[in-house]
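Data block below; observations after.
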Amino acid sequence: MIDFLHDEWPELIEALAIWANSHPRPDDPFMVVQGVSFSPRSFLAAAKERSELTMPFFEYAKVEAERENVSVREIIDRETRKPVP
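Quick note: the sequence shown uses our numbering, first residue 1, plus one each step.
Quick look at the structure:
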């Protein structure tokens, strides 16, 4: 259960939804976590359910936010704006 970002959760899910819904290939796999392949939409769905498989992404965002002294939302926005190869 992802609980360390409880207060920010709705805002973080909103950021992921914007990314997933505007992704040029929202149903194509882009990441594998513990043998599970995720598309942008399936990652969003798993994050909404607070899946343990999405934890590494949010942990990364939290650590980077603390390191850079910015919000976790800013990190997620930055990471989801990277060009799609």
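A virtual CB, placed ideally from N, CA and C, is assigned to each residue, including glycine. Here the structure is a predicted model, which is why all the values come from computation and not from measurement.
Under 9 Å between the Cβ atoms of residue i and residue j?
i, j, result
"Leu-86", "Trp-9", "This structure gives no information on residue 86, because the portion of the chain shown stretches from 1 to 85."
"Glu-112", "Ile-75", "With the chain covering only 1 through 85, there is no way to say anything about residue 112."
"Arg-67", "Ala-15", "no"
From this set, the options, which residue's C-alpha is nearest residue i's C-alpha?
i, options, result
"Lys-82", "Ala-46, Asn-69, Leu-5 and His-23", "His-23"
"Gln-34", "His-6, Pro-56 and Glu-79", "Pro-56"
"Asp-7", "Val-32, Ser-51 and Lys-62", "Lys-62"
Just to confirm my understanding: we take residue i, look at its own chain, exclude 5 residues before and 5 after, and list those with CB closer than 7 Å. What are they?
i, result
"Val-40", "It is Pro, not Val, that sits at residue 40 in the sequence shown. For Pro-40, where only same-chain residues beyond five positions count, the Cβ hits under 7 Å are Trp-19, Ala-20, His-23, Pro-26 and Phe-30."
"Ala-47", "Ile-13, Leu-16 and Thr-54"
"Ser-71", "Ala-65"
"Met-1", "Confidence at Met-1 is low in this model, with a pLDDT of 43, below 50, so its placement is unreliable and the value that follows should be read with caution. Counting only Cβ-Cβ distances below 7 Å, and skipping sequence neighbours, we find Arg-50."
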